[in-house]
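Trainee:
This is the structure:
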């Protein structure tokens, strides 16, 4: 009998606000331990939370982008558990009445687009970080992250494979970055995923699920889900039963292990947060957030194809991130007559070179204006495309503009036909045998002559002109 | 009803000696017995009150207002090393 | 002078007949002399208090005096302030000195007040007798074998014995009004949301409210005018709260035509007969002064204590989770692991009553019991609010006894939590409904003070202050002070 995999994802996305959810501490990443803390996020006696408006707005924007309902009244609750990186002994979160409910994302699959339901997005606060040295019997607590605003985005159990799960996550990751609601840097823990995985035979009710934690890269998510599916199927086929539990993915070992030790009794005793009255938004406030909605990747892809005549592939590549798309738009603004050439030089040449340097577009030393400067020199025949690649390398290396490099290295194309004629005459007299053969009908020697001329001009002769003049002069 | 004092004490992270558990059990059961008078009231259809007034939550502007006060705030900490709070090892 | 009102002290200070330094010295002398018998104060920094007083005098020399310039005010040990340890009557906060002031402390400082030490209280404000304090019981100056009420027992005892002209307390289920009643002073719990809770150690966040404890109604109004007002740092501090002309309300002294509700559920068999008789007499007097006494019913009153003992412990179980020995406060010696650190620190740090409440609350919120306990109690809270709303359709203000009994003997009720909880039977509903309430002296039962409680609609403290001022001006109960502490006696 075949097996069906059922996956639901809970994604914790850190909102990229300047300050924490409930206090005026900075959220800047990488500060010295506990230097971005205050009596509120340290849970000191008598301290009270006051919610950050920007965190609300970003959560609403995310909800609108997935076509969800925004609850004009939502409520905050306390989730109670003890952990050294949770200063108050409870996390402020939203349970019965979250800010956002019932949206969806479309993901690409081999069988076409698939709709993945999003149950809810609720606001909550992040915990601090516990660091456990391998040796010694202590842990160290840094509370800089304590209170950073999170959006917990909970999907329906709509995914049927690890690949679908990864496709959903990539879609969501791209979305929150486009919306500028999160840095979504997985290495910095700004986009974290827990997966609920179960297996069943098709048509049967849902199986017992395991919750996988610590999935901090797309690769680990895929590995962990695939590992879990096999684990569960083996248990069932051996006549056993899957237990509902939390499992921690160990990326070094490529396996997960049960976290039974984490908390003996799971009972979070959620109840309404008495320090925070209900969050009420007006329809006008939501509408004004909607009005500020940036163009989303899907819309942008279509526009790039229609407006700039790009291939589906190029449009897809250029909309992978907001920064890249913005770069492309700036580039096209500078070379409006050449959007396809611009797409090619950005998507293939510049991105390829950046990738070799393990950098992305945000770290590019060449801005859109500079890249446009290079493209213009190709378009006006100052340099050939081939030379332009060398010029691009030099630009990356030196940070200088295309014109300066062309000038300094004398790379300007020879477009004077009398100069080219003189060189052709020299090549013909040096290769009289080949001239005779050509004239006897060996047309393919044309390439040889082009090569000789280009070599003699160190590539600077305009290739079109060389071809044209060779044809005339070789006729005799 | 009999309250499981030990289980609740574990949730609340309070150590109970056997003597304390023996004393607390009946006391808590008495309190809950008294509180059970609430069950006599029919509250179907009554909205619960979490806040005494029907007011909305005020929101705060997203501006950094706090500076680094680590040393001052850690002055009262039981154990600190290099700016980090130190606790017995957390086992996951 | 020790029994002067703030109003009197201000006049003497303004006239140059005394100084902040002299006043602080006077009260500190009295604290030194009498605190041993009362245990009203738990932290008194003599040097820094004198320094505050001298700073006030030099401010006065250079500027116009602020509203509480040089007036010493005792502070319940629940208000965080930087000049003194703040321990909430608990071992778990032993030695804790906050790096911040409560909002109301800032307000008092800005008004020129001298913070006169921290007063004893039931641990984490959980108690009605001050017997759960880690510092031992505080005593009632009218009879030191008796309790001063709680949880703000130290503040009440200090004001009643003339160790301070006024004090701050907090009231979650009667913790200002009940001690005020049994020590013969005035105490007011303002409308929930009137006074910022920021920097006040939380017991039950949806019920807690700070307020004044004073000798006269006008002094209460004066302190309320300073500590009330919106605070953007407390999301439950109501921004657009209707304002009150605090002192103007006292001057009005309006009793004529005032419709006073007399709820039948607050005059019951089982309450002390003499207490009942004194409160009835007070109502009679109000009637003679022109008020109309109207019998009303608050039908869900009998469920208030039960609802309270679900809601308050539930909130407290979460509010007290932060005392975990990680960032501040007590940590046990040599914990063998993390669980040991948590459970032992909290076992050693919390007293029995606090443990009872935390466990009750954790249970009421736990899976499988939430609906039957917590949610049910919140629904009953709705019914209790509704009772008051209905009543205020008929009357301007409600008058009741504050406490069903006068001060009881220390140790008399400690073995029976429920009997103890019932001491708050007349004050708790006011907190559940978020209403303002004030207790003022209205006589003596067996030489022990009896309190009259006024309850008004939300944000209408002015009605209470006006009625209570009128009653006070027609009586002299507030002018009687315990003989053992230099007063004229009852």
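Chains as they are written, first to last, in this note's numbering: chain A, 1 to 476; chain B, 1001 to 1092; chain C, 2001 to 2490. C-beta: ideal position from N, C-alpha, C; glycine also. For clarity, every value in this text was computed on a predicted model and none was experimentally measured.
Cβ of residue 1086(B) less than 7 Å from any chain A Cβ?
Mentor: Yes, residue 1086(B) counts as interfacial toward chain A.
Trainee: Could you tell me whether any Cβ in chain C is nearer than 7 Å to the Cβ of residue 90(A)?
Mentor: Taking Cβ atoms only, chain C reaches closer than 7 Å to residue 90(A), which makes this a yes.
Trainee: Measuring only the C-alpha atoms, how far is residue 2289(C) from residue 2254(C)?
Mentor: Their Cα atoms are separated by approximately 9 Å.
Trainee: Answer with buried or exposed for residue 2394(C), where buried requires no fewer than 16 other C-beta atoms within 10 angstroms of its C-beta.
Mentor: It counts as exposed.
Trainee: Using Cβ-Cβ distances below 7 Å, what residues of the segment 265-277 of chain A are close to chain C?
Mentor: Correct list: 267, 269, 271, 274, 275, 276 and 277.
Trainee: Looking only at its chain, what residues have a beta carbon closer than 7 Å to the beta carbon of residue 220(A), apart from the 5 residues adjacent to it on each side?
Mentor: 249 and 251, listed in sequence order.
Trainee: Is residue 80(A) close to chain C? Criterion is C-beta to C-beta, closer than 7 Å.
Mentor: Interface residue, yes.
Trainee: How should residue 2072(C) be labelled, buried or exposed, when 16 other C-beta atoms within 10 angstroms of its C-beta is the threshold for buried?
Mentor: Buried: at least 16 other Cβ atoms inside 10 Å.
Trainee: With burial defined as no fewer than 16 other Cβ atoms inside 10 Å of the residue's Cβ, what is the status of residue 137(A): buried or exposed?
Mentor: By the neighbour-count rule (16 or more Cβ atoms within 10 Å), residue 137(A) is not buried but exposed.
Trainee: Measuring only the C-alpha atoms, how far is residue 2333(C) from residue 242(A)?
Mentor: Approximately 42 Å, taken between the alpha carbons.
Trainee: Using a Cβ-Cβ cutoff of less than 6 Å, which residues in the same chain neighbour residue 63(A) once the five nearest sequence positions on both sides are dropped?
Mentor: Taken in chain order, the residues that qualify are 70, 100 and 121.
Trainee: Answer with yes or no whether the minimum CB distance from residue 43(A) to chain C is below 7 Å.
Mentor: Closer than 7 Å: yes.
Trainee: Quick check: the Cα distance between residue 2354(C) and residue 2373(C), rounded to an integer number of angstroms?
Mentor: Cα to Cα, residue 2354(C) sits roughly 19 Å from residue 2373(C).
Trainee: Within this structure, are the beta carbons of residue 79(A) and residue 91(A) separated by less than 7 Å?
Mentor: For residue 79(A) and residue 91(A), yes; Cβs fall inside 7 Å.
Trainee: For chain A, find out if any of its Cβ atoms is closer than 7 Å to the Cβ of residue 1056(B); answer yes or no.
Mentor: Yes, residue 1056(B) counts as interfacial toward chain A.
Trainee: Could you please give the first and the last residue of the uninterrupted alpha helix (DSSP H) stretch that includes residue 426(A)?
Mentor: Segment 417-430, the alpha helix (DSSP H) holding residue 426(A).
Trainee: Along chain A, which residues have their Cβ under 7 Å away from the Cβ of residue 2080(C)?
Mentor: Those are 45 and 46, listed as they occur along chain A.
Trainee: Is residue 1062(B) buried or exposed, if buried means 16 or more other CB atoms sit within 10 Å of its CB?
Mentor: Label assigned to residue 1062(B): buried.
Trainee: Does the Cβ of residue 346(A) have 16 or more other Cβ atoms within 10 Å, making it buried, or fewer, making it exposed?
Mentor: Buried is the call here.
Trainee: Give me the chain B residues within the contact set of residue 2420(C), using Cβ-Cβ distance strictly less than 9 Å, ordered along the chain.
Mentor: Within 9 Å Cβ-Cβ: nothing; residue 2420(C) doesn't reach chain B, min ~11 Å.
Trainee: Do residue 2120(C) and residue 2407(C) come within 7 Å of each other at the CB atom, strictly closer than that value?
Mentor: Cβ atoms of residue 2407(C) and residue 2120(C): not closer than 7 Å.
Trainee: Quick one: which chain B residues come within Cβ less than 8 Å of residue 280(A)?
Mentor: Under the 8 Å cutoff, chain B gives 1056 and 1057.
Trainee: Our contact map puts residue 184(A) next to residue 173(A) with C-beta atoms below 8 Å; I'd like the distance itself, whole angstroms only.
Mentor: Yes, they are in contact, since the Cβ atoms of residue 184(A) and residue 173(A) sit about 5 Å apart, within 8 Å.
Trainee: I'd like the span of the alpha helix (DSSP H) that includes residue 8(A), first residue to last.
Mentor: Note, residue 8(A): premise wrong, no alpha helix (DSSP H); beta strand (DSSP E) at 4-14.
Trainee: Tell me the rounded alpha-carbon separation between residue 368(A) and residue 414(A).
Mentor: Whole-angstrom Cα-Cα distance: 27 Å.
Trainee: Distance cutoff 7 Å, beta carbons only. Does residue 2315(C) sit that close to anything in chain A?
Mentor: Yes, its Cβ sits closer than 7 Å to a Cβ of chain A.
Trainee: Give a yes or no on whether the minimum CB-CB distance between residue 2027(C) and chain A is below 7 Å.
Mentor: No, residue 2027(C) lies away from the interface with chain A (no Cβ there is under 7 Å from its Cβ).
Trainee: On the premise that residue 473(A) lies in contact with residue 438(A), defined as a C-beta separation below 8 Å, what is that separation, rounded to the nearest angstrom?
Mentor: Contact doesn't hold; Cβ gap of about 11 Å is too wide.
Trainee: If the criterion is Cβ atoms closer than 7 Å, does the pair residue 2428(C) and residue 2306(C) meet it?
Mentor: Result no, Cβ atoms of residue 2428(C) and residue 2306(C) do not sit closer than 7 Å.
Trainee: Could you give the DSSP three-state label for residue 1008(B): helix, strand or coil?
Mentor: The answer is helix: DSSP assigns residue 1008(B) an H, G or I state.
Trainee: Between 87(A), 154(A), 317(A) and 28(A), which has its C-alpha nearest residue 104(A)'s C-alpha?
Mentor: That would be 154(A), whose Cα lies nearest to the Cα of residue 104(A).
Trainee: Just to confirm my understanding: we take residue 2293(C), look at its own chain, exclude 5 residues before and 5 after, and list those with CB closer than 6 Å. What are they?
Mentor: So the qualifying residues of the chain are 2260, 2262, 2283 and 2287.
Trainee: Please classify residue 291(A): does DSSP put it in a helix, a strand, or coil?
Mentor: The answer is helix: DSSP assigns residue 291(A) an H, G or I state.
Trainee: Taking 7 Å as the threshold (beta carbon to beta carbon), is residue 253(A) in contact with chain C?
Mentor: With 7 Å as the cut-off, residue 253(A) does not count as an interface residue toward chain C.
Trainee: So, does the CB of residue 1083(B) fall closer than 7 Å to a CB anywhere in chain A?
Mentor: With 7 Å as the cut-off, residue 1083(B) counts as an interface residue toward chain A.
Trainee: From residue 2085(C) to residue 1053(B), what does the alpha carbon distance come to, in whole angstroms?
Mentor: About 33 Å.
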